[in-house]
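Comments concern the structure below.
There are 2 protein chains.
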Amino acid sequence: MEAVSRSAPPESFRVTFEPGSLRAEVPAGTSILEAARAAGVLLDTPCGGEGFCGKCRVRVRSGKVDPGETELLDAEEVAAGWVLACRASVAGNLAVEVPPGSVERFRGAEVEPAAADAAAPSGPLDPLVRSVAVEVAAPTLEDNASDFARLARGLRKAGLDGAPRPRPEVLRELPGVLRASGGGVTVTVARDGAAVEVTDVAPAGAARGLALAVDVGTTTIKAELLDLATGRSLGRASKYNSQAAYGGDVIHRIIWCTERAGGLDELHGRVMEDIGVLVVRMEEALGVSREAIALVAAAGNTTMMHILLGLSPEHIRREPYVGVAYDPPPVAAGEIGLAVNPRARVYSLPCVSGFVGADIAAGLLAVRLEDSKRPRMLIDIGTNGEIVIGNRDWMVCASASAGPAFEGAGTRDGMRATRGAIDHVRGWDGEVPLDFTVLGDAPPCGLCGTAYVDLLAELLRAGAMDRTGSLNPSHPSGRVRSGPFETPEFVIVRAGERGAARDVVVTQHDIANLERAKGAIYAATKVLLKSLDLDVADLEEILVAGAFGNYLDVENCVFIGLLPDLGRGKIRFAGNTAAAGAAMAALDRASYARARELADGLTYFELSTDPSFMGEFTSACFFPHTNLEEFPSVKARLGPGGG
Amino acid sequence: MEAVSRSAPPESFRVTFEPGSLRAEVPAGTSILEAARAAGVLLDTPCGGEGFCGKCRVRVRSGKVDPGETELLDAEEVAAGWVLACRASVAGNLAVEVPPGSVERFRGAEVEPAAADAAAPSGPLDPLVRSVAVEVAAPTLEDNASDFARLARGLRKAGLDGAPRPRPEVLRELPGVLRASGGGVTVTVARDGAAVEVTDVAPAGAARGLALAVDVGTTTIKAELLDLATGRSLGRASKYNSQAAYGGDVIHRIIWCTERAGGLDELHGRVMEDIGVLVVRMEEALGVSREAIALVAAAGNTTMMHILLGLSPEHIRREPYVGVAYDPPPVAAGEIGLAVNPRARVYSLPCVSGFVGADIAAGLLAVRLEDSKRPRMLIDIGTNGEIVIGNRDWMVCASASAGPAFEGAGTRDGMRATRGAIDHVRGWDGEVPLDFTVLGDAPPCGLCGTAYVDLLAELLRAGAMDRTGSLNPSHPSGRVRSGPFETPEFVIVRAGERGAARDVVVTQHDIANLERAKGAIYAATKVLLKSLDLDVADLEEILVAGAFGNYLDVENCVFIGLLPDLGRGKIRFAGNTAAAGAAMAALDRASYARARELADGLTYFELSTDPSFMGEFTSACFFPHTNLEEFPSVKARLGPGGG
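Chain order of the listed sequences is X and U.
Per our numbering: the first sequence = residues 1 to 643.
Per our numbering: the second sequence = residues 1001 to 1643.
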């Protein structure tokens, strides 16, 4: 065997990906998915490259390929050169076209500078890390305190309380820096509870005054750059989470971490790279240096937080779903390989349980449920729907596994809210073409979560879909057609329309996924309310957060039964509360402490052991619900027949 | 030039050192001192290899050597093959004999197991690091706290207060260790003020219950192994500080650290190796594993503490004599390269100033000056004499540069208190040979500090030396002879006597060094007392500590004017208070905190700026003093003539 392989090494071929002309040289037989990874092209693979999701479709423009087997492409698509990258393997030099919906994934980050006249935040400013200009007195025979003692005195004069303690590396450099600078230095101090730690001493004028608040989403990573001295935002950046190439939901990520040698290191490396890309783009766009970033505050779900810190998420996946630590102490950026100042301290917002993460703790900081006497609800709609109900006296939470349908995965043409995504669907009257908006002034190539919410509502209103979710093949619009395997699908955009490269559709299968997702979230809401002996009407307000990149139409959410029918004006979209909360914690020690208290005091309600959950879920797998009495406003709109 | 050196590489030769047969292959022209270092033979070079001290003398038994120039060897010695290793260079294959006084320096550590029936210490037992057997409950759906939260609960059940925080490396290993062990684990916890840090989680039964208290002396490193559960000592070990090969006193060590590239790393490496050797020897002799050592508490002078932690001692040497930090936080043993459990925490006892070190803070723990209303004095006699005077209300300290004469350096036949050292001289009557004792049942080859104290007193009593310190060439004993350059010297042992390899003498030059050393210490005492408006008689007690390896005759100390004439029974030898204090701090958090408070509250009195110091010093360069009224007991002994 060995001799054979030595005398005949496998032939290797060049695979070029367009647009972008990224290339890799790979042995014959390599999957196009692997070749893409090697070239730095991260294709979306919610199913982890198992051939189930069909998301990694690419078009081979030239060259010899073994397409492999799949039922997810029809004859026409195969004839046009479409293959699933995870199934197809390289048999010659290839030119591969990556569809627009995937292209942005390797385009890198988008940066949005803050408006020049943006107001400083109104909240308190007492950041977790401070960078202070300090004058250290030269030693004399009368004042011969040690270098560090004189530095500590300088810090007190600069208004910093507490007894500072140095990091070992600071002491190693201190005498040199002090004497080279003539005593004027920039001292960076990190605070954790009562502890005050000197993490860096640099020459006077060294910039160390920035913080990065990071929302590590399963699908999208967002970062906001903050000025520690003023609290102002300098700008935001976001990019696709490269871990998507390893599976679309946390379960697939955990499997990759635990069942492959080096898997955790690999995924940890991806998130370090992603944040690194955001930082580099911000350096270019905002004219700052990464060396100035002395603080990182991060929020994300429990699995993302584990991978961020290099902790094993293995046991989150299996009953009883526990992580390693939910309130880990800050670590040095250099210790985890994060490309900001290596002395920067990375603070994790606290998690609550294996499926209620730091994004929720951050969200609670942002929405302040504790400010009201009547209970309010925070609901975060993502692959897992997390729900918190609480008031000034108590808080209870639950998590429902909804699947990633509303995050643009698990549906044929789902995508995240970025260039080319249809984000809203409007004005349906059963006859005219759908009125929709597309993000980024581009041809439509898929739908993001907000569009699915709108579309389902419009289909229901127009009778193109009944309350069970079945598409009506004889709908007068003529847009319901028979797709592969004779399954009905609704055509939103036809190839060529508005420049679309191919049809954009929602399939009966997609609708079933979306129905289960919204059903799980609604059922969770119901069970949690019931466990508290509350009715929907007892809620003062519902705040909706989540991975939606654009405004959510909350009325449509109620119309399809995703959210309870609380009444107009009492449900509002709260935006990205995870990012907002991470920024609040970075800028205010008391807020960070409050997040830890909130997470600690939050009662977790385990839905999977509740006997009523399955019944509620089944009843909710209907539009809006089997019991229309629970949705009086929808009942009124659907008319006496009830749709 | 390059071509020449390439075509004719310098010849290289083998140098073998006896006893021990350690070898090195070195280029022609290398000094024997460098060859010795390369072979692992650490010769004593108090002067740093500059040719001044004559301590590195070795005998070339065969081979071609260029002896270099020196005035420190006489014709007879040169004829017998003696050379100074720092001056002589290799010109052929050599066999070099290292004299017995040097041999032990590379023999490694001596271990002294504790007596089996030794009593446990009477002090409180609340160690800085604790190793606790913890049962961590398995997670369930009802109790799905994180791994670390359940561990923390287990720690509380085991009686450990406070909110523990994990080290990052602990979290990385925790899920694996917990599940492999079925929940029974050995948890190691380090405490620093209010902080409780989990530094290690190992399978149940893993031994982590030992501490090492280390006295990092300039000349000798001593370590005591302690059982953290009982406070009992398991044994002690000591060895020569290998840094002696780089200079005998701290000034030479600082010069090496700051004026050579990599110098600090090299000296730091030497002390890590030395402690490593002590640990290995203790492993063999006491049947323990280094992995069990979870705590190191270290005391030493300020320069030794800096080098131990890898901090630059550069600025200690020059006015105004400041170090980097005097109260550094604990560091991980692995971070500084110490060969115990890498997770062990290394706590430094606090220093007070550049020349009042952690050995003094440790000494204050041991002697408790604060227990009495009347002031007492602690005096540590070493290369620097440190003096503390204090009572329950205040403490003041000073440091006098005495030179290393009492540590066996700076005198012709001085050596540390080890095998072959004369440690006490007794019973002189002017006629009979000196009565002396030798350590380790070996032929005498030099004198240690306690012997010099005795010898000076006996010479003075017998009239072999007058009160100025001049030897009397016509003394009836016939032992005062004319040495090199016609300088008088007193012969203690003649070659052949009791097996001595060569004469052991004290030279007029030695006496001058000893006189200056004791004069500096006495002057410091006087100036410090005067600054406090106190007389000697106001002191309740004088406690003498120091690098003396054996009991000091305090009466002789008074007789020669090293210590004030406080009166019989009021001066006592307190032993190695630095080592004792380090052990106390290791075993009791409150003691460690007290050492920090004591160091912080100690007022440092700078002698070098006091105008009266020089006058006091000059007056004290006399035996016992120019003003005999200050030494009434000595005056009485010397008789009406006053010697």
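Cβ atoms here follow ideal geometry from the backbone N, Cα and C, with glycine treated the same way.
- If you check the CB distance, ALA1202 of chain U and THR1186 of chain U come in under 8 Å.
- In the pairwise beta carbon analysis, the stretch 342-354 of chain X is classified as not touching the stretch 369-381 of chain X: fewer than three pairs are separated by under 8 Å.
- DSSP, read as helix, strand or coil, puts SER482 of chain X in strand.
- Under the three-pair Cβ rule at 8 Å, the stretch 1120-1130 of chain U does not count as touching the stretch 1086-1096 of chain U.
- For the C-beta of SER1353 of chain U, the chain X residues within less than 9 Å are, from N- to C-terminus, ASN144, ALA145, SER146.
- Within the stretch 1225-1268 of chain U, the complete beta strand (DSSP E) runs of at least 3 residues fall at 1233-1240.
- ILE387 of chain X places its beta carbon less than 8 Å from that of MET377 of chain X.
- If you draw a straight line from the Cα of GLY40 of chain X to the Cα of VAL271 of chain X, it comes to about 14 Å.
- Among the CB atoms of chain U, one or more fall inside 8 Å of the CB of GLY323 of chain X.
- Runs of beta strand (DSSP E) with 3 or more residues, each lying fully within the stretch 497-567 of chain X, are found at 504-507, 542-546, listed in chain order.
- Per DSSP, the beta bridge partners of HIS1424 of chain U are U:THR1437.
- Residue contact check for GLY1300 of chain U against chain X: no CB pair falls below 8 Å.
- The C-alpha of VAL129 of chain X is placed about 21 Å away from the C-alpha of LEU286 of chain X.
- Shown here for PHE1617 of chain U: same chain residues with a beta carbon closer than 7 Å to its own, the five before and five after excluded, namely GLY1519, ALA1520, ALA1523 in chain order.
- Residue environment: LYS1530 of chain U is assigned as exposed (fewer than 16 neighbouring CB atoms within 10 Å of its CB, all protein chains considered).
- At a cut-off of 8 Å between beta-carbon atoms, ARG1596 of chain U makes no contact with chain X.
- Interface criterion met: the Cβ of TYR326 of chain X is under 8 Å from a Cβ in chain U.
- Following the DSSP letters along the chain, one finds ASP161 of chain X in no beta strand (DSSP E), marked with neither H nor E.
- Here the alpha carbons of TRP256 of chain X and LEU264 of chain X stand approximately 7 Å from one another.
- For the set U:THR1603, U:ILE1422, U:LEU1033, U:GLU1291, the Cα lying nearest the Cα of CYS1397 of chain U is the one of U:THR1603.
- Looking at X:PHE559, X:LEU141, X:GLY446, X:GLU18, the one whose alpha-carbon comes closest to that of VAL504 of chain X is X:GLY446.
- Between GLY1051 of chain U and ARG1014 of chain U, the gap from beta carbon to beta carbon reaches 8 Å or more.
- Here the alpha carbons of GLY1209 of chain U and GLU1273 of chain U stand approximately 23 Å from one another.
- In this chain, the alpha helix (DSSP H) harbouring TYR1592 of chain U covers 1589-1601.
- Apart from sequence neighbours up to five positions away, the residues of its chain that approach VAL438 of chain X with a beta-carbon distance below 8 Å are GLY420, ALA421, ILE422, ASP423, PRO444, ARG498, ordered along the chain.
- Look at SER1122 of chain U here: in three-state DSSP terms it is coil, with no helix or strand label.
- Remark: C-beta atoms of LEU1225 of chain U and VAL1288 of chain U approach each other more closely than 8 Å.
- Counting along the chain, PHE1013 of chain U sits inside the beta strand (DSSP E) bounded by residues 1012-1018.
- Residue environment: ARG61 of chain X is assigned as exposed (fewer than 16 neighbouring CB atoms within 10 Å of its CB, all protein chains considered).
- At the C-beta level, ALA586 of chain X and LEU295 of chain X come within 8 Å of one another.
- In its chain, beyond the 5 residues on either side, PRO1350, CYS1351 have a beta carbon closer than 6 Å to the beta carbon of TYR1326 of chain U.
- For the pair ALA1405 of chain U and ALA1244 of chain U, the CB atoms are not nearer than the 8 Å cut-off.
- DSSP, reduced to helix, strand and coil, places LYS222 of chain X within a strand of the structure shown.
- Within the DSSP bridge table, the entry for TRP394 of chain X names no partner.
- Counting C-beta pairs closer than 8 Å gives three or more between the stretch 1182-1198 of chain U and the stretch 1153-1164 of chain U, which meets the contact rule.
- For ALA1339 of chain U, there is no enclosing beta strand (DSSP E), as DSSP gives it neither H nor E.
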